[in-house]
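In my numbering, the protein residues as written are 51 to 349. By construction, the Cβ of each residue, glycine as well, lies at the ideal position given by its N, Cα and C atoms. Here the structure comes first, spelled out in structure tokens, and everything after it is commentary.
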Amino acid sequence: MARKPPPGPVQMAFERRSQRIAFADIQPLRLVGPAVKKTPKYAQIAASIRDVGIVEPPVVAKDRSEEGKYLLLDGHLRIEILKEMGETSTDCLIATDDEGFTYNKRINRIAIVQEHRMILKAIEDGVPEERIASSLNVDVAYLRRKTAILNGICPEVVELLQDKHVPINTFDQLKKMLPIRQIEAAQLMIAMNKYSINYAKSLVSATPASQLINQKGAKRINGLTDEQIALMEEESAKLDREFRQIERSYGSDHLDLVVINGFLDRLLGNNRIVRYLTLNYPELQAEFQRVTDSQKSAG
């Protein structure tokens, strides 16, 4: 049997040197609207850039249709913030392929457990709290609250929620439960893909007193009677059983959605297709983007 030829050298994905490029020569693939600029994520990135500068250079690719122009593959928010700061150019990485799928697919908002670990590591390394707070666009008191967020949370729950986007107040509710109930609550949150403070409060309300840290008075929530609380506990147990039943068939039911979303994601990662849709079918392009964005935020 003939041997397969040895694999060739791995092709570099970027040019060896970064290049300073004027914003006028960079074509973004999407617009950064007013709603995005009001988000905490945008404010946090802006604070970080003001404090320490650009950590990850934007990624561009040469526009094959126009000499001297570039397509922006990754870094739309960073460049928009630099423009607001009065900058007219920035150092960029030059990609050798003009596809945006790799960057858009792999870059995600950091989860709160991961952020907690990074903050603790920075403090251990001697970075002043004031500097960290400034970079994260929060005050020192809130930063200290973040450092203590996992106190009272059992290790199993930390493991379950380490890559989930859980509000800080939700952890306060989990701390009201004993470890075994914390695990059950975290599993329910993951099954429902709901991590809000109100959902966490409902789980606390439906928790038997024997599984709460403070067993006295903790059940008197929003004027609920003992009968209503008992009914909630019964419904919670029933819901838990139904979730576990649904989990067994969830994979096949979800597969079609995953395949479709993956196809759309790859489609929107092709700059030529995006340009064509934007010019000829803008409403279709916007709808495709909405579908993929909703899946990313849900994941």
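Reducing DSSP to helix, strand and coil, say where P78 ends up.
-> On the sequence shown, position 28 is the one that residue 78 refers to. Three-state result, P78: strand.
Would you identify the three-state DSSP class for F151, choosing helix, strand or coil?
-> Numbered from its first residue, the sequence shown carries residue 151 at position 101. Note on F151: pLDDT 49, under 50, position unreliable in the model; no value is reported.
Excluding the 5 residues preceding and the 5 following H215 in the sequence, name in chain order all residues of the same chain whose CB lies nearer than 8 angstroms to its CB.
-> Along the sequence shown, read from residue 1 onward, the residue named residue 215 stands at position 165. Here the set comprises R159, A161, I162, Y245.
Which residue or residues does DSSP assign as beta-bridge partners of A72?
-> Your numbering for residue 72 matches position 22 in the sequence shown. DSSP lists S139 as partners of A72.
Report all residues from its chain with a CB closer than 7 angstroms to the CB of G125; omit the five preceding and five following residues, and keep chain order.
-> Stepping through the sequence shown from its first residue, residue 125 is reached at position 75. Hits under 7 angstroms: P108, V109.
The ligand ZN heavy atom lying under 7 angstroms from the CB of G118 = The ligand ZN is not part of the structure shown, which contains no ligands of any sort.
What are the residues that DSSP puts in a beta bridge with K112?
-> Sequence index remark: in the sequence shown, residue 112 carries index 62 (1-based). For K112, which the question treats as bridged, DSSP gives the partners Y120.
Exposed or buried, M135, counting other C-beta atoms within 10 Å across all chains shown (16 or more means buried)?
-> What you label residue 135 is simply residue 85 of the sequence shown in a count that begins at 1. That one is exposed.
Which same chain residues, not among the five before or five after S184, have their C-beta less than 7 angstroms away from its C-beta?
-> By 1-based counting over the sequence shown, the position of residue 184 is 134. So the qualifying residues of the chain are A97, D101.
With DSSP as the reference, label M227 as helix, strand or coil.
-> Within the sequence shown, residue 227 is the residue found at index 177, counting from 1. In the structure shown, M227 sits in a strand (DSSP, three-state: E or B).
When the Cα atoms are used, what is the spatial distance from L318 to I182?
-> Within the sequence shown, residue 318 is the residue found at index 268, counting from 1. Within the sequence shown, residue 182 is the residue found at index 132, counting from 1. For L318 and I182, the distance between alpha carbons rounds to 35 angstroms.
Just how far apart, CA to CA, sit I157 and L123?
-> Within the sequence shown, numbered from 1, the residue matching residue 157 stands at position 107. Within the sequence shown, numbered from 1, the residue matching residue 123 stands at position 73. Any reading at I157 needs caution, since the residue's pLDDT is 48, under 50, leaving its predicted position unreliable; the model's value is listed next. Each residue's Cα considered, the two are about 12 angstroms apart.
What's the C-alpha gap between K119 and E234?
-> Translated into positions along the sequence shown, residue 119 becomes position 69. Translated into positions along the sequence shown, residue 234 becomes position 184. Cα to Cα, the separation comes out at about 54 angstroms.
If you follow the alpha helix (DSSP H) that Y245 is part of, which residue opens it and which one closes it?
-> As a position in the sequence shown, residue 245 is number 195, starting the count at 1. That residue, Y245, is in no alpha helix (DSSP H); it is neither H nor E in DSSP.
Considering only the beta carbon of each residue, do C204 and Q232 sit closer than 8 angstroms?
-> On the sequence shown, residue 204 is found 154 positions in, with the first residue counted as 1. On the sequence shown, residue 232 is found 182 positions in, with the first residue counted as 1. Cβ atoms of C204 and Q232: closer than 8 angstroms.
CB contact flag (L210, I230, <8 angstroms) = In the sequence shown, residue 210 corresponds to position 160, counting from 1. In the sequence shown, residue 230 corresponds to position 180, counting from 1. No. Outside cutoff.
According to DSSP, is L200 helix, strand or coil?
-> Along the sequence shown, one-based indexing puts residue 200 at 150. Note: L200 maps to coil in three-state DSSP.
Near P192, which residues of its chain fall below 6 angstroms by C-beta distance, leaving aside the five closest residues on each side in sequence?
-> For the purposes of this step, residue 192 is identified with residue 142 of the sequence shown, where counting begins at 1. Note on identity: in this sequence residue 192 is Tyr, with Pro being the wrong assignment. So the list is empty, once near-sequence residues are dropped.
Could you check what DSSP says for I240 in three-state terms: helix, strand or coil?
-> What you label residue 240 is simply residue 190 of the sequence shown in a count that begins at 1. Residue state, collapsed to three classes: helix.
Can you grab the Cα-Cα spacing for the pair F64 / V309, in whole Å?
-> For the purposes of this step, residue 64 is identified with residue 14 of the sequence shown, where counting begins at 1. For the purposes of this step, residue 309 is identified with residue 259 of the sequence shown, where counting begins at 1. Each residue's Cα considered, the two are about 29 angstroms apart.
Three-state secondary structure (DSSP) at I99?
-> Position 49 of the sequence shown, counted from the first residue, corresponds to residue 99. The answer is helix: DSSP assigns I99 an H, G or I state.
Within its chain, find whatever has a CB closer than 8 angstroms to the CB of I95; leave out the 5 residues flanking it on each side and keep chain order.
-> Here residue 95 refers to the residue found at position 45 of the sequence shown. For I95, where only same-chain residues beyond five positions count, the Cβ hits under 8 angstroms are L127, R128, I131.
Taking H126 as part of the alpha helix (DSSP H), name the residues at either end of that continuous run.
-> Against the sequence shown, residue 126 aligns to sequence position 76. It spans 126-134 - the alpha helix (DSSP H) in which H126 sits, taken as one unbroken run.
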